[in-house]
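One structure below.
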Amino acid sequence: MFILSENRKPLTKERIESAMNDLEINLIKRIQSGDVNAFEDIVIKYKDKAMSLAMRILRNDEDAEDAIQEAFIKTFRAIVDKQFEERSKFSTYFYRIVYNSAIDFYKKHKSKTYSLISIDEKRTDDDGNVTDIYDFEMNIDRNKYYISSAFDVDKKAVENEIQGIVNKYLEQIPEKYATILTLFYINDLSHEEISQTLNLPLGTVKNRIFRAKDKLKNILTSHYNEDELLEFV
Amino acid sequence: MAQSNRKIDDFLDQKLRRVPVIQPKDDFSKILMQKVITEHKRLTEETKKERIVKFVLGFFSTFMIGFTVVIGYLYGKSDVITSGSEVTVERSNSMAGKLVTAIQSVFLSVLNFFGVSISPTTLNIALIILLVIGVYLLGERLFLRGKYKSVKSM
Chain B
0 MFILSENRKP LTKERIESAM NDLEINLIKR IQSGDVNAFE DIVIKYKDKA
50 MSLAMRILRN DEDAEDAIQE AFIKTFRAIV DKQFEERSKF STYFYRIVYN
100 SAIDFYKKHK SKTYSLISID EKRTDDDGNV TDIYDFEMNI DRNKYYISSA
150 FDVDKKAVEN EIQGIVNKYL EQIPEKYATI LTLFYINDLS HEEISQTLNL
200 PLGTVKNRIF RAKDKLKNIL TSHYNEDELL EFV
Chain R
0 MAQSNRKIDD FLDQKLRRVP VIQPKDDFSK ILMQKVITEH KRLTEETKKE
50 RIVKFVLGFF STFMIGFTVV IGYLYGKSDV ITSGSEVTVE RSNSMAGKLV
100 TAIQSVFLSV LNFFGVSISP TTLNIALIIL LVIGVYLLGE RLFLRGKYKS
150 VKSM
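So the protein lines, in turn, are chains B and R. For the first sequence, numbering that gives the first Met the number 0 begins at 0 and goes up steadily by one. For the second sequence, numbering that gives the first Met the number 0 begins at 0 and goes up steadily by one.
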């Protein structure tokens with residue numbers, strides 16, 4: 000027993016990912032052999048993260064649901080037609096389909112409802128001025144998120160308030176930053192995988208994460224002093 | 000300073016990882032799986048149709064090639080007159096016959112120009128085989144195009 004535990008390798012992120020990938024490959028093989036219900040496991044596993052990604056682009060529940068439904072059906076077809084290659088990671092492949100479906104949905108319905116959301120490389124305001132993450136302003140309800148200098152409120156409540164600001168930040172920033180942050184922090188893709196998924200240079204991906212985080216840091220440090228923030232580390 | 004910056008960075012990483020995922024409606028999986036089952040039935044039907052079309056096209060192509068080869072060798076040889084580098088082909092009065100003769104002449108002249116000498120019968124067989132392959136590919140492509148259209152219309 001002792002020898003077994005000595006030989007057991009530690010559970011690294013790579014080993015977990017590899018095991019997950021094997022599990023997905025197994026599901027894919029079952030689907031290809033005609034077990035359609037195996038696809039439900041994939042739906043259950045990915046629906047929330049796919050929804051989060053689609054919401055960053057479409058910012059509307061119903062449209063995001065339609066887009067991910069389309070993405071799941073496209074994925075199913077790709078699996079049945081054996082277009083998905085086992086050597087690629089399923090999650091990367093799937094999120095790319097979700098992203099493209101959401102973009103297609105956006106383009107198709109752009110004229111109807113999405114006039115205020117910029118999806119292009121440059122974000123413009125109503126006057127046509129180019130804005131970016133550094134020009135992004137976040138209206139924080141000071142009554143809701145006010146922290147007294149005496150720091151006399153419950154620490155947990157303050158931490159929740161900060162989490163609320165971060166959640167709101169991700170909902171409000173331009174799509175090109177929100178998508179990358181979602182893929183990196185929520186969907187657990189690496190920089191390289193995001194680069195493949197969005198078809199962007201690796202440097203651009205890293206730069207956007209850095210800039211978006213830097214802006215968030217500025218927003219938070221304008222409301223809380225550094226010592227207060229460091230209390231939570 | 001650098002260390003506190005790094006700590007704040009870690010703190011932000013932690014907060015960003017804790018941003019809650021957005022969930023679709025409760026019945027999302029159920030509705031989606033119904034659509035997936037329908038899609039699976041449609042794909043299975045399509046595969047069956049594809050097999051039938053391929054079989055028919057394959058059978059037709061094999062039959063045409065076989066028929067051409069047999070007929071070509073049985074009856075074709077007597078019609079050919081070749082003398083030196085000049086290649087002559089059988090003449091016909093019908094429009095179709097004239098067209099075939101013209102095509103044969105063009106191909107034979109071109110091949111002759113490159114120093115390749117083949118009989119019109121062999122050329123006929125080669126052209127028929129190419130034609131059959133063309134018909135097969137065209138038939139398959141037309142079928143597949145129809146298939147993609149039906150997928151898009153979903």
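Note that beta-carbon positions come from the ideal geometry of N, C-alpha and C, so glycine has one too.
One Cα belongs to Val105/R, the other to Tyr135/R, and the distance between them is close to 25 Å. Looking at the backbone, the Cα of Lys155/B and that of Phe231/B are separated by about 9 Å.
Pairing Leu52/B with Tyr98/B gives a Cβ-Cβ distance under 8 Å. Judged by their CB atoms, Lys216/B and Leu141/R are not nearer to each other than the 8 Å cut-off.
Around the beta carbon of Ser90/B, 16 or more other beta carbons lie within 10 angstroms, which makes this residue buried. Rounded to the nearest whole angstrom, the CA to CA distance from Ala49/B to Lys88/B is 16 Å. Excluding the 5 residues flanking it on each side, Lys53/R has same chain C-beta neighbours closer than 8 Å at Glu139, in chain order. Using a Cβ-Cβ cut-off of 8 Å, Leu228/B counts as an interface residue toward chain R, since at least one Cβ of chain R sits closer than that to its own. Secondary structure of Ser189/B (DSSP, three-state): coil. Burial is judged here by how many other beta carbons sit within 10 angstroms of a residue's own beta carbon; Leu22/B has fewer than 16 and is exposed. Here the C-alpha atom of Phe93/B lies approximately 11 Å from the C-alpha atom of Lys46/B. Closest by C-alpha distance to Thr178/B, out of Leu199/B, Met19/B, Thr220/B, Glu158/B, is Leu199/B. Identification of chain B residues near Leu31/R by a Cβ-Cβ cut-off of 7 Å yields Val42, Gln68, Phe71, ordered along the chain. In the three-state reduction of the DSSP assignment, Ile172/B falls in the coil class, being assigned neither a helical nor a strand state. Taking 8 Å as the cut-off, the beta carbon of Arg16/R is found no closer than this to the beta carbon of Gln162/B. Contact with chain B is found for Lys34/R, since one of that chain's Cβ atoms lies less than 8 Å from the residue's Cβ. Taking 8 Å as the cut-off, the beta carbon of His190/B is found no closer than this to the beta carbon of Leu180/B. The beta carbon of Ser194/B sits closer than 6 Å to those of Leu201, Val204, all from its chain and outside the five residues before and after it, given in chain order. Between Pro19/R and Asn166/B, the beta carbon gap of about 7 Å places them in contact (Cβ cut-off 8 Å). In the structure shown, the three-state DSSP call for Glu13/B is helix. DSSP places Asn123/R in the helix class (H, G or I) of the three-state scheme. Within the region 30 to 54 of chain B, the residues whose Cβ lies closer than 7 Å to some Cβ of chain R are Val35, Phe38, Glu39, Val42, Ile43, Lys46, Asp47, Lys48, Met50, Ser51, Met54, listed in chain order. According to the DSSP assignment, Gly114/R belongs to no alpha helix (DSSP H), since it is labelled neither H nor E. Residue-level contact by beta carbon fails for Glu23/B and chain R, as no gap is shorter than 8 Å.
Chain B has a Cβ within less than 8 Å of the Cβ of Lys24/R. The C-beta of Glu61/B has fewer than 16 other C-beta atoms within 10 Å across all chains shown, which makes the residue exposed. The alpha-carbon separation between Thr43/R and Lys28/B amounts to approximately 16 Å. Closer than 7 Å at the C-beta level to chain R, one finds these residues of the region 197 to 229 of chain B: Lys212, Leu215, Lys216, Glu225, Leu228, Leu229. Counting only unbroken stretches of 4 or more residues, no alpha helix (DSSP H) element lies wholly within the region 17 to 65 of chain R. Going by DSSP, Asp226/B is part of the alpha helix (DSSP H) stretching over 225 to 229. At least 8 Å separates the CB of Leu188/B from every CB of chain R. Here Ile132/R has Ser60 as same chain residues with Cβ atoms under 8 Å from its own Cβ, once five neighbours each way along the sequence are excluded.
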